[in-house]
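Participant: Mind having a look at this structure? Questions to follow.
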Amino acid sequence: MVKKSWLIIGAIGCLIGLGGIGAFTGFQLRGSQGRSVAQEIEVTPTIAAEVYRTPTCGCCGAWIDHATANGFTFVDQIQPDITAIKEQFGITPELASCHTTVVAGYVFEGHIPAADIRRFLAQPPAGVVGLTVPGMPIGSPGMEVGDRQQAYEVLAIHGDGSTSIFQEYPGD
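Numbered continuously in our numbering, the sequence shown closes out at residue 1207.
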């Protein structure tokens, strides 16, 4: 009989932990300000993006996997030449990388960590048209090579074409 009691108590604990007891009792766990616990779980919104890349770029696909795992959805524009899209958004050769992503009218060039894009979109800096990680630094998302980490910067691209540091990542 003791084993059955512990089994029942454990099952009830699991139901409470999962919020499932409400399904059996009509009881709903309440958090702060009278909202249900389920309402207080923070949900990361999906970010719809369009990415332009060439068909032979493997690291672009790896970056898309990184961003997808962090809540992005993509229209994948695979094209033999993406120079025109870079020019359209003011990506000069000095700022360029292998793929260009557009979200809500902003441009994101190269292997930018998804968290930096999210932070940018949450509060776009005045006069900034997007972000870039020029080149393809080792250790940036999509450019992982073991545990190696090359120092790199995520640059904010200003409307006048100038840049400033948005985020820095140290190397090994």
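Don't be surprised by glycine CBs; every beta carbon is placed ideally from N, CA and C.
Note that the structure is a prediction, hence the values are computed from the model and not measured.
(1) Ignoring anything shorter than 4 residues or poking outside the stretch 1102-1140, list the alpha helix (DSSP H) runs there in chain order.
(2) Look at the alpha carbon of Gly1087 and the alpha carbon of Cys1133, and state the distance between them as a whole number of angstroms.
(3) Are the beta-carbon atoms of Thr1079 and Gly1096 separated by less than 9 Å?
(4) Within its chain, find whatever has a CB closer than 8 Å to the CB of Cys1193; leave out the 5 residues flanking it on each side and keep chain order.
(5) Closest by CA to Arg1183, which one among Leu1166, Tyr1204, Gly1125 and Thr1089?
(6) Round the Cβ separation of Ile1152 and Leu1130 to the nearest angstrom and send it over; I've been treating them as touching at under 8 Å.
(7) Identify the continuous alpha helix (DSSP H) that holds Arg1183 and give its terminal residues.
(8) Tell me which same chain residues have a C-beta within less than 6 Å of the C-beta of Met1036, skipping the five on either side of it?
(9) Is it true that the CB of Lys1121 sits closer than 9 Å to the CB of Glu1085?
(10) Alpha carbon to alpha carbon, what distance is there between Met1171 and Thr1091?
(11) Taking C-alpha atoms, which residue in Gly1093, Ala1139 and Gln1185 lies nearest to Pro1169?
(12) Any idea if Pro1148 is buried or exposed, counting beta-carbon neighbours within 10 angstroms, 16 or more meaning buried?
Facilitator: Looking at the atomic coordinates:
(1) Here the runs fully enclosed are 1118-1123.
(2) One point to set straight first is that residue 1087 is Tyr, not Gly, in the sequence displayed. Distance between the alpha carbons of Tyr1087 and Cys1133 is about 9 Å.
(3) No, the Cβ-Cβ distance between Thr1079 and Gly1096 is not below 9 Å.
(4) The sequence given here places His at residue 1193; Cys does not occur at that position. Scanning its chain for C-beta atoms nearer than 8 Å, with the 5 sequence neighbours on each side dropped, one finds around His1193 the residues Gly1162, Val1163, Val1164 and Ser1199, in chain order.
(5) A check of alpha carbon separations from Arg1183 across Leu1166, Tyr1204, Gly1125 and Thr1089 identifies Tyr1204 as the nearest.
(6) That pair is no contact at about 16 Å.
(7) Neither: Arg1183 is in no alpha helix (DSSP H) and is coded neither H nor E.
(8) Interpretation of Met1036 is limited by its pLDDT of 46, a score under 50 that renders its predicted location unreliable; no figure is taken from the coordinates.
(9) Cβ atoms of Glu1085 and Lys1121: not closer than 9 Å.
(10) Thr1091 and Met1171 have their C-alpha atoms roughly 15 Å apart.
(11) Nearest of Gly1093, Ala1139 and Gln1185 to Pro1169, Cα basis: Gln1185.
(12) Looking at its Cβ environment, which holds 16 or more other Cβ atoms inside 10 Å, Pro1148 is buried.
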